[in-house]
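Note sheet for the following structure.
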Amino acid sequence: MTHSFHVSSQERHLKWSQALTPTLTVPSGSEVSFDLLDGGHNQIRPDNEATALRDFNFEMTDPAFGPIYIEGAEPGDVLVVEILDLKPGDYGWTALLPGFGLLADEFEAETPQLKMWNLTDEGTVTRQGSKRKLAVLKPGVAVPVRPFLGVLGVAPAVPGELSTIPPYASSGGNMDCRDLSTVGAKVYLPVNVPGALFSCGDGHAAQGDGEVCGTAIETPMKARLRLTIEKAADWTLKGKKGLECPHYITPKKGREDIEEEVLADKGEYAALGIHEDIREASRMAVRGLVDWLQAEKGMTRVEAYMLCSVASKLRMSEVVDMPNYAVSCALPLDVFIDE
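All residue numbers for the sequence shown refer to this note's numbering, where the first residue is 604 and numbers rise by one.
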């Protein structure tokens with residue numbers, strides 16, 4: 604039997620801990636809805652756009668909503684999180700914040716910067732023959748609205764308090780993986796403590812792989828998830844019980860999704876960073892794409908960097924030919940909607 608429960612925007616925490624008091628206790632298989640503040644704790648809104656970055660408090664970022672105690676969950680089990688529905692807010696934001704982002708040292712002179720996105724039906728556009736909303740960066744440049752949750756996690760395996768900002772192998776958290784938690788996906792998380800103590804948050808309307816400027820299209824979100832426990836005995840991978848790190852399954856594509864991709868596909872432009880340090884290879888790739896967007900598309904450095912953060916694909920393209928690694932940063936050319 605499916606049960607329905609709700610977590611309000613007031614029921615949040617800024618640390619992961621085994622000692623948190625559960626907001627809800629639910630049976631395995633329950634559906635839970637959430638009202639989520641954005642990853643900036645709703646500190647940035649259309650009504651305070653002029654002063655939001657000046658007053659921004661980093662210590663309030665990445666709130667997680669919960670935690671939820673799932674009956675029957677024991678250490679070694681697996682929590683299956685099914686993403687049933689996600690509804691972004693009417694607005695979103697992308698920011699360059701001082702000291703934050705893959706190329707933070709190269710954008711010191713341009714920070715802070717803020718882009719507010721209008722995510723209402725009136726503020727978004729669609730391509731001919733498509734139903735998908737596109738969020739407009741500037742005239743002629745728009746990215747598909749593709750909601751997902753940046754934060755999905757359980758109580759950690761160690762005692763004490765852990766920040767909600769980084770992700771953790773044993774418990775998930777702020778993973779910011781755009782394929783992991785779209786509608787229709789299933790996420791598998793290791794259970795470390797009785798009840799699992801699951802929380803989520805950090806709604807994104809769109810994000811590129813890497814979230815390279817430090818922010819995506821951050822937005823408040825209404826979410827509906829199903830939480831199910833699978834016992835450790837049913838999860839044996841190469842003789843190991845349960846999981847050592849999060850796993851996920853992406854949703855199947857329907858015919859409409861495939862037709863829409865074919866309709867919109869103009870190919871990609873990519874820069875390839877090659878370096879013995881993976882981070883430097885990534886920086887080289889992003890820098891190359893930013894340079895190309897400035898030179899060939901007439902974008903400012905800030906616009907180009909933000910576009911890479913919300914729409915590009917930063918990928919490990921080659922890792923075996925030591926001593927150098929190759930990292931690609933690719934941008935779908937269909938973001939240029941007037942070409």
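Where is the CB? At the ideal position from N, CA and C, for every residue including glycine.
Query	Result
Cβ-based burial, THR626 [other Cβ within 10 Å; buried from 16]	buried
Cross-strand partners of GLY776 (DSSP beta bridge)	LEU755 and PRO770
ASP638, enclosing beta strand (DSSP E) - first and last residue	633-639
Any 3 or more C-beta pairs closer than 8 Å across the segment 726-735 and the segment 862-871	yes
Span of the alpha helix (DSSP H), counted from its first residue to its last, around GLY891	881-900
Beta-ladder partner(s) of LEU875, from DSSP	SER931
For VAL684, three-class secondary structure by DSSP	strand
LEU917 in three-state terms, based on DSSP	strand
Contacts around TYR928, its chain only, beta-carbon distance under 8 Å, and the 5 residues preceding and following it disregarded	ILE877, HIS878, GLU879, ASP880, ILE881, ALA884, MET919, GLU921 and VAL922
Neighbourhood of ALA712 by C-beta, 8 Å cutoff - its chain only, sequence neighbours within 5 removed	none
Rounded distance between the beta-carbons of VAL681 and GLU833, thought under 8 Å	5 Å
Cβ contact check for the segment 848-856 and the segment 783-793: 3 or more pairs under 8 Å	yes
Rounded distance between the beta-carbons of LEU828 and VAL683, thought under 8 Å	Rounded, the Cβ-Cβ distance is 10 Å, inconsistent with contact.
Beta-carbon separation (whole angstroms), LEU639 vs THR767, contact threshold 8 Å	Their Cβ separation, rounded to whole angstroms, is 13 Å, which puts LEU639 and THR767 out of contact at 8 Å.
Local conformation of SER733 per DSSP, three classes	coil
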